[in-house]
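Let me begin by presenting the structure, written as structure tokens, before commenting on it.
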Amino acid sequence: MAEKKIILMIDNEKEFSSLIKSFLEESCGYEAKIVPDGYNGMRMAAKIKPDLILLDVLMPAMNGFYVLKQLKESKETASIPVMMVTAVQDVEDKLRAESLHCEGYIIKPIKLEDLRLKINNLLTSKGG
Numbered sequence: 000m001a002e003k004k005i006i007l008m009i010d011n012e013k014e015f016s017s018l019i020k021s022f023l024e025e026s027c028g029y030e031a032k033i034v035p036d037g038y039n040g041m042r043m044a045a046k047i048k049p050d051l052i053l054l055d056v057l058m059p060a061m062n063g064f065y066v067l068k069q070l071k072e073s074k075e076t077a078s079i080p081v082m083m084v085t086a087v088q089d090v091e092d093k094l095r096a097e098s099l100h101c102e103g104y105i106i107k108p109i110k111l112e113d114l115r116l117k118i119n120n121l122l123t124s125k126g127g
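Residues 0 to 127 (numbering that gives the first Met the number 0) are what the sequence shown spells out, left to right.
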């Protein structure tokens, strides 16, 4: 039996994170882990090497763009695909995420089926 893919969510919104975690685990068959802040998210990513990171932009202390930049500059985490999941709808922010090598961008509120499709596409293109 194949190992479950691990998805790490770095998002400080507890209710949203819990809903997405349940969806990913129960409906999609992934293992999901939640970290509520960027600092611990970067540490967790380096430790567990998830198959995908879902990253919020708006977080206290350290925003998602800073976290994304750090993840992509680190040898340990550079190859992990990152999808921004955010309420920020500004085109400039989306372009900024792409310039930092973000592999996906989805705007809250999200449709769960859209999220599933984007995750499956990212994991398939990564070879998983």
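Here a beta-carbon is modelled for each residue, glycine too, at the ideal position from N, C-alpha and C.
Just so we're clear, the structure is a prediction, and the values are computed from it rather than from any experiment.
Cα-Cα, which of the options is closest to residue i?
i      : options                       : result
Thr85  : Lys20, Thr76, Asn62, Ser17    : Asn62
Glu72  : Ile47, Met58, Ser98, Asp89    : Ser98
Pro108 : Leu94, Leu67, Met83           : Met83
His100 : Asp113, Val66, Thr123, Ile106 : Val66
Glu75  : Arg95, Glu102, Ile47, Lys32   : Ile47
Cys27  : Ile118, Met8, Phe15           : Ile118
Leu54  : Tyr104, Leu116, Asn120        : Tyr104
Taking the C-alpha atoms as reference points, what is the distance between residue i and residue j?
i      : j      : result
Asp92  : Gln69  : 17 Å
Thr123 : Glu2   : 15 Å
Ala96  : Val81  : 10 Å
Phe64  : Leu116 : 23 Å
Leu121 : Pro35  : 23 Å
Lys13  : Arg42  : 19 Å
Glu24  : Leu114 : 13 Å
Between residue i and the rest of its own chain, which residues show a CB-CB distance below 6 Å, the 5 nearest in sequence each way excluded?
i      : result
Ile5   : Glu30, Pro49, Asp50
Ser16  : Met8, Asp10, Ile33
Ile106 : Gln88
Ala77  : Lys71
Write down the C-beta distance between residue i and residue j rounded to the nearest angstrom, noting that I regard them as a contact closer than 8 Å.
i      : j     : result
Gly37  : Ala60 : 7 Å
Val139 : Val90 : Residue 139 falls outside the range modelled here, since the chain spans only 0 to 127, and no answer is possible.
Thr19  : Ala44 : It is Ile, not Thr, that sits at residue 19 in the sequence shown. So it is not a contact: roughly 17 Å between Cβ atoms.
What residues in its chain sit with their C-beta under 7 Å from that of residue i, if we drop five residues either side in the sequence?
i      : result
Arg22  : Correcting the residue type first, residue 22 is Phe in the shown sequence and not Arg. So the list reads Leu111, once near-sequence residues are dropped.
Glu102 : Pro80, Val81, Met82, Leu121
Met58  : Asn11, Asp36, Gly37
For residue i, would you say it is in contact with chain D, using Cβ-to-Cβ distances shorter than 8 Å as the test?
i     : result
Gly40 : Looking for chain D here will not work: only one protein chain is present.
Going by beta carbon distance, what residues of the same chain come within less than 8 Å of residue i, once the five residues before and after it are set aside?
i      : result
Gly127 : For Gly127, the predicted model reports a pLDDT of 49, less than 50, meaning its position is unreliable; a value from the coordinates is still stated below. Excluding sequence neighbours, Gly127 sits near Lys4, Asp50.
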